[in-house]
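Protein chains in written order, with the working numbering: chain A, 127 to 574; chain B, 9 to 476.
Don't be surprised by glycine CBs; every beta carbon is placed ideally from N, CA and C.
None of these values were measured; they are calculated from a predicted model.
The block underneath contains the structure these notes are about, expressed in structure tokens.
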Amino acid sequence: MPIKVLMPALSPTMTEGKLAKWVVKEGDTVESGDVMAEIETDKATMEVEAVDEGTIGKILVAEGTDGVAVNAVIALLLEDGEDASALDGADTSSGGGEPAPNPEAEAEAPKEDAKAEPEAPASPSPAAAPAPAAKSDGERIFASPLAKRIAQQEGLDLAQLSGSGPHGRIVQRDVEDALASGTGKAKPASKDAPAGAPKASEAAAAVPPAGIDAGMLSMLPEYDSVPNTGMRKTIAKRLTASARDIPHFNVSADIEIDQLMKLRAELNGREGADYKISVNDFVIKAVALALKRKPDCNAAYTDDAILKFKRADISMAVAVDGGLITPIIKDAGAKGLATISAEAKELAAKARDGKLQPNEFQGGTFSISNLGMFGVKTFNSIINSPQGGILSVGAGEQRPAVKDGKLAVATIMSLTLAVDHRCIDGAAAAGFMKELRTILEDPLQLML
Amino acid sequence: MADTNYDVIIIGGGPGGYVAAIRAAQLGFKTCVVEKQHMGGICLNWGCIPTKALLRSAEVYHNMQHADAYGLSADNITFSMKAVVERSRGISKRLSGGVEHLMKKNKVTIVDGTGKLNGPGKVDVTGKDGKAVGTLTAPNIIVATGARPRALPGIEPDKKLIWTYFEAMVPEKTPKSLLVIGSGAIGIEFASFYNTMGVDVTVVEVMKQVMPVEDEEISKFARKQMEKQGLKIMTEAKVTGVKKGSDNVTVSIEDAKGKTQEITVDRVISAVGVQGNIEDIGLETTKVKTDRGCIVADGYGRTDEPGVFAIGDVAGPPMLAHKAEHEGVICIEKIKGLDGVHPMDKARIPGCTYCNPQVASVGLTEAKAKEKGLDVRVGRFSFVGNGKAIALGEDQGMVKTIFDKKTGQLLGAHMVGAEVTELIQGFVVAMNLETTEEDLMQTVFPHPTLSEMMHESVLDAYDRVIHM
């Protein structure tokens, strides 16, 4: 029996992903640990490694296919001694152990790409259904049967849509609008796609980009329409929710960092130094330390309780092509500056290559966003929910400062803290900033 | 007029106008309907309702003639056309009174007279005597003036020999022979009525099939049944001229092959469609645009003039009472700013024709679905396989369902046969709830009913039919 290669879950919440690339082709031999394919979720790209050894018998899901359900069979691996004939009638039902789809449905199952997946599981069967029956918090999604089926066939996550039907029910037009506006997956240039989806394409032509009034759109100059990536949608969804639902307030402070700059120069200038510590590395460490001293600010709000974290895991915002992501320096308070520096560099590089593992960017108790390298003086960030706070770091620059009643020149960096007022009050936020200032202005504390 | 300022003024008290008025009143709008003739409009007074009354008389008459088929006997079966018409008129009158009562109950003011827009926000009303009644003002004015019979050049109805539905509804005597031009719902219903009442009826249709908007298979089935009843039907034929006699008309008809023949009949019914009442209602005083005889309005009834809306027949096809009613409600709710108001999906508006056999449908015909490039599955179930149909003595008919092969979406449902106009709503609900074939298959249909055929038709589309 050929071995089924299943769509892996990259994170506990992942229900589907994009099969971005096949690294192997049919007929290739693979050994355990060989990279076979790359899978893309809304947050990251991951490699799928072979678990068993054998020959790639059949690739069932074509490259570039969006919305592949977790546990769907993406390829068949021939074991030693098996030849292609073993593929005939091979079971390609998904790996969940569910019963095979009923023959009725299977016979009539619409095929996304008849060539690529001749024996693909029938979409109407519950076994292959990627469309979640429940939101991640267990709440039922109300959607019409037709909306559910189209979403399932098009690999659309109903949890990401809002319904326009009675009582917010998701109906056909919502799904088709989503597909048309790119909230759904991008349409592969498949030969038989038009026959199955004339409505969606009609809608695409008729429906203006969601969010802009059609009349307004007509008055705008010519534009390129860049379809939203999974990451863009996640950013839009999460930041909108945060800005809407979290009562933000900001606390700013100017920090003198002459001492810190001096210390940094000394550390980096040490003989045999195989590290190059940045100001940001100092800030990461200092924030972690300040959070340890002011645990009220290392918190998250939930409806039932405020969660006060026992460890400061610092998420750092990294700009990547087409968006941003926040890889995490775990327990930054317990790590030395050199370690933090090395980790930060590695994570940033991985982030830019889209190679972050889910556990490297999911979690985190507090965020730092640094735009200082662009010469920005101050800015406010939107909280990275469910975290309780985010620190915006401006450029360190020479500014006039009054010292002992006299005008002097000092290197100053402006920091702005945004916190969730539901779990962090003004005094606590101010207390944290005071602590942070103490540490950054006397950076030797970081060595303790 | 005691009061001239309103929140909403509706010009026309037909099914679109009066329903909109009630909904407006429910939502707290101070509402007024300007009606020039009688509440309920054409539908209630000269259309849907009185024809159903006539057709019911025809049906009972037909059944009496076939009493022996049920083990009954009836002799000397005759009818009085006067009494049949009186019954029909009485029903219209009763319902029109009912609508007036509903207006009163909902505190909607009825202003008797002809309403005419006088710029946005203003409606001039002229009484039946032609004198000005006054000017009404409201920020929201809904034009619901309906439609009237269209006339073919050279075959203009004269009310005596060439009738429209107005005259056909109230014949003074039963003509011996009749020619009906047009086989849409209006034409075919009158043809069916008069044919059952013993009149020699010929139907001339310019299109390929009778009831041109219906599914071809259903249309063919209905045609065969009607021809069995003695109705003469000519399709792809057109009336090229009429010569009026003193009490008859000689009609020239050119058939599909270009051959012309002459038929002499007592009366002609012109049923070549209806056109919107857009004239003389003051549209020129506003920015409202018209297109092919109808007002241009969006899915919420909004015209190019803010504050002026159009619903129902005057706002374009399909010209059906239930479409007008629904548009009225949508329009008012949009004005009110209620959440979740959507333009009506015209693909989900059912159509019913009450000829014998009845025809009912919703959604795409098989041909239309294929034209759209959709891959379809088609199910059919015949009345001969249904116990209730046989028990009723109505075993001629068919239920046809069309599904999208890919998504299982119910694209269309088409029926011909007894009581199908009452059945279609099941499929309309299904379509509106966006059920797929699965949900329909899993639905329990009561036995013994005609509705079981709906289930069987769905099963047939997926090769699971039971009673065939």
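Contact list for residue i against chain B, beta-carbon separation under 7 angstroms
i      : result
A:I276 : T415
A:S270 : L441, E442
Nearest candidate by alpha-carbon position, reference residue i, set the options
i      : options                        : result
A:A306 : A:A425, A:P292, A:P353         : A:P353
B:T12  : B:D468, B:T443, B:A323, B:G123 : B:G123
A:G289 : A:G281, A:A304, A:G515, A:E280 : A:A304
A:A135 : A:A369, A:T155, A:G193, A:G180 : A:G193
A:M127 : A:A163, A:G180, A:S158         : A:G180
B:E224 : B:T415, B:Y14, B:L441, B:V367  : B:V367
B:A469 : B:V436, B:E430, B:K413, B:T443 : B:K413
B:I6   : B:Y26, B:G22, B:G129, B:V428   : Absent from the structure is residue 6 of chain B, since the part of chain B shown begins at 9 and ends at 476.
A:S507 : A:L365, A:A431, A:K560         : A:L365
A:V150 : A:S368, A:E189, A:L386         : A:E189
B:A77  : B:A399, B:G105, B:L103, B:K115 : B:A399
B:V466 : B:T457, B:M234, B:H455, B:T451 : B:T451
B:V178 : B:Q73, B:R97, B:A332, B:T248   : B:R97
A:M357 : A:I451, A:M345, A:P526         : A:I451
B:L125 : B:L382, B:I170, B:N148         : B:N148
Boundaries of the alpha helix (DSSP H) in which residue i is found, first to last residue
i      : result
B:N89  : In the sequence as displayed, the identity of residue 89 of chain B is Met instead of Asn. Run containing B:M89: 89-113, per the alpha helix (DSSP H) assignment.
A:E166 : Here A:E166 belongs to no alpha helix (DSSP H); instead the beta strand (DSSP E) covers 161-166.
A:A468 : 463-479
A:N376 : Run containing A:N376: none in the alpha helix (DSSP H); it sits in the beta strand (DSSP E), 374-382.
B:I189 : Looking at the DSSP string, B:I189 is not in any alpha helix (DSSP H); the run it does join, the beta strand (DSSP E), is 185-189.
B:P157 : No alpha helix (DSSP H) contains B:P157, which is instead part of the beta strand (DSSP E) from 155-157.
B:P58  : 56-73
A:S344 : 340-345
B:C363 : Here B:C363 belongs to no alpha helix (DSSP H), and DSSP marks it neither H nor E.
8 angstroms contact criterion, which residue i and residue j should meet: CB distance rounded
i      : j      : result
A:R390 : A:I372 : The pair is not a contact, with the Cβ atoms about 34 angstroms apart (cut-off 8 angstroms).
B:A426 : B:G405 : 6 angstroms
B:L419 : B:A377 : 5 angstroms
B:V407 : B:M461 : 4 angstroms
A:F408 : A:H547 : No, A:F408 and A:H547 are not in contact; Cβ-Cβ is about 28 angstroms, not under 8 angstroms.
B:L110 : B:I30  : 6 angstroms
A:A176 : A:G159 : 7 angstroms
A:D457 : A:A438 : 7 angstroms
B:S191 : B:E175 : 19 angstroms between Cβ atoms; not a contact.
A:E173 : A:V161 : 5 angstroms
B:E244 : B:K216 : 6 angstroms
B:G284 : B:G301 : 5 angstroms
Partner residues on chain B for residue i, Cβ-Cβ distance less than 8 angstroms
i      : result
A:S344 : Neighbours of A:S344 on chain B: none; closest Cβ ~15 angstroms, over 8 angstroms.
A:Q385 : Neighbours of A:Q385 on chain B: none; closest Cβ ~59 angstroms, over 8 angstroms.
A:K279 : Strictly speaking, residue 279 of chain A in this sequence is Gln, with Lys absent from that position. Going along chain B in sequence order, the residues near A:Q279 (Cβ under 8 angstroms) are K414, T415.
Within chain B, partners of residue i - CB distance below 9 angstroms
i      : result
A:S109 : There is simply no residue 109 of chain A to check, as chain A begins at 127 and stops at 574 in what is shown.
A:Q571 : Neighbours of A:Q571 on chain B: none; closest Cβ ~56 angstroms, over 9 angstroms.
Limits of the beta strand (DSSP E) - the one that residue i falls within
i      : result
B:V280 : Note, B:V280: premise wrong, no beta strand (DSSP E); not H, not E.
A:A146 : 142-148
A:T181 : 180-185
B:Q269 : 268-273
A:S441 : 440-442
B:M4   : Not covered by the structure: residue 4 of chain B. The range shown for chain B is 9 to 476.
A:L284 : Unbroken run through A:L284: none, as it is neither H nor E.
B:C40  : 39-43
Min CB distance residue i to chain E below 7 angstroms
i      : result
A:V297 : Of the protein chains in the structure, A and B, none is chain E.
#### Entry: the region 194-213 of chain A / the region 172-186 of chain A touching (three or more Cβ pairs under 8 angstroms)
yes
### Query
Should the region 526-546 of chain A be called in touch with the region 449-469 of chain A, which here means at least 3 C-beta pairs below 8 angstroms?
No, they do not touch.
### Task
May I ask you to verify whether the region 174-193 of chain B touches the region 204-216 of chain B, counting CB pairs closer than 8 angstroms and requiring at least 3?
yes
### Query
Does the region 134-144 of chain B come within contact of the region 55-67 of chain B, defined as at least 3 CB pairs closer than 8 angstroms?
no
### Task
State whether the region 445-455 of chain A contacts the region 477-494 of chain A, with contact taken as three or more CB pairs (one from each stretch) at a distance under 8 angstroms.
yes
### Query
Can you find at least 3 beta carbon pairs, one from the region 257-267 of chain B and one from the region 87-101 of chain B, that sit closer than 8 angstroms?
The region 257-267 of chain B, when compared against the region 87-101 of chain B, does not touch it at the 8 angstroms Cβ threshold.
### Query
Are at least three pairs of beta-carbons, each pair with one atom in the region 267-287 of chain A and one in the region 439-454 of chain B, less than 8 angstroms apart?
yes
### Query
So, do the region 564-572 of chain A and the region 294-313 of chain B have three or more beta carbon pairs nearer to each other than 8 angstroms?
no
### Contact between the region 150-161 of chain B and the region 320-333 of chain B (3+ Cβ pairs under 8 angstroms)
With the cut-off at 8 angstroms, the region 150-161 of chain B and the region 320-333 of chain B touch.
### Task
Taking 8 angstroms as the threshold, find out whether the region 35-47 of chain B comes into contact with the region 112-131 of chain B through three or more Cβ pairs.
yes
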